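Mapping the sequence shown onto the UniProt record's numbering, position 82 (from 1) lands on 82, and the numbers just tick up by one. Where is the CB? At the ideal position from N, CA and C, for every residue including glycine. Computed from a prediction, not measured in an experiment: that's the story for all the values here. These notes concern the structure reproduced below.
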Amino acid sequence: MVIGAKSAASSDGKVSKASPSAARGASADRADRSERVNAAPVAKAAPAAEKQAVAYTNDLDGWIRESLAIMAEQGIPGTYEGIHRNIMRESSGNPNAINNWDSNAVKGTPSKGLLQVIDPTFQAYHVPGTSTDSYDPVANITAACNYAADRYGSIDNVFGAY
1 MVIGAKSAAS SDGKVSKASP SAARGASADR ADRSERVNAA PVAKAAPAAE
51 KQAVAYTNDL DGWIRESLAI MAEQGIPGTY EGIHRNIMRE SSGNPNAINN
101 WDSNAVKGTP SKGLLQVIDP TFQAYHVPGT STDSYDPVAN ITAACNYAAD
151 RYGSIDNVFG AY
């Protein structure tokens, strides 16, 4: 008898041998099943990459770039050039600038910070996740750009006092 070949009884009671090709087919089927059962588990997809923290420099360039990142997340329009142009006109880049002489100052609400924002405007347009201190450079820029977007479409559209 061929090893691995199956014998089958015919209707007359005689035993016949299975053909060698049938035996190979049955063995191949068993091998395929074994491979599927013993196969290594499929690797799961890697988790989504975590957001990398970005280090910004503690200067005008870094404050503008950090503000732009926050603005992008919040859908607030504006460009580096538009923000920089307005900062240079309003405060010459001094985050502690304060205007104690204009009409707002006379009324008790002086303009403050890089983009010379008065407290009521800062509070109304403050962007969550930034400091609540109107002198904070990033909070000041982001709130001012949020205000300018609401009022003028973008800080890029502001070419004078606003």
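Beta carbon of Gly-82 nearer than 8 Å to that of Asp-133: no
Taking the alpha-carbon positions, what's the Ala-53 to Glu-66 distance? Going by the C-alpha atoms only, they are around 11 Å apart.
Please give me, in chain order, every unbroken run of the beta strand (DSSP E) with length at least 3 that falls completely inside the UniProt domain "Transglycosylase SLT" (87-159). none
Tell me which residues share the same chain as His-84 and place their Cβ nearer than 7 Å to its Cβ, disregarding the 5 neighbours each side in the sequence. Once the five neighbours on either side are set aside, the close Cβ partners of His-84 are Ile-64.
Thinking just about the alpha-carbon of each residue, which of Asn-140, Ser-103, Leu-68 is nearest to the one in Gly-93? Asn-140
Can you give me the C-alpha to C-alpha distance between Cys-145 and Pro-77, rounded to a whole angstrom? 8 Å
Based on Cα-Cα distance, which residue from Asp-59, Gly-75, Ala-69 lies nearest to Gly-153? When each option's Cα is compared against that of Gly-153, the closest is Gly-75.
Range of the contiguous alpha helix (DSSP H) that encloses Asp-61: 60-74
Cβ-based neighbour list, Val-158, same chain, cut-off 7 Å, excluding 5 preceding and 5 following: Asn-86, Ala-148, Tyr-152
Do Val-106 and Ala-143 come within 8 Å of each other at the CB atom, strictly closer than that value? no
Residue nearest to Pro-95 in terms of C-alpha spacing, selected from Thr-79, Leu-60, Met-71: Leu-60
My assumption, with CB atoms under 8 Å, is that Leu-68 sits in contact with Glu-90. Please give the rounded CB distance. The pair is not a contact, with the Cβ atoms about 17 Å apart (cut-off 8 Å).
Per-residue DSSP class, three states only, for Tyr-162: coil
Please identify the residue among Thr-57, Thr-121, Ala-97, Pro-128 whose C-alpha is closest to the C-alpha of Asp-150. Thr-121
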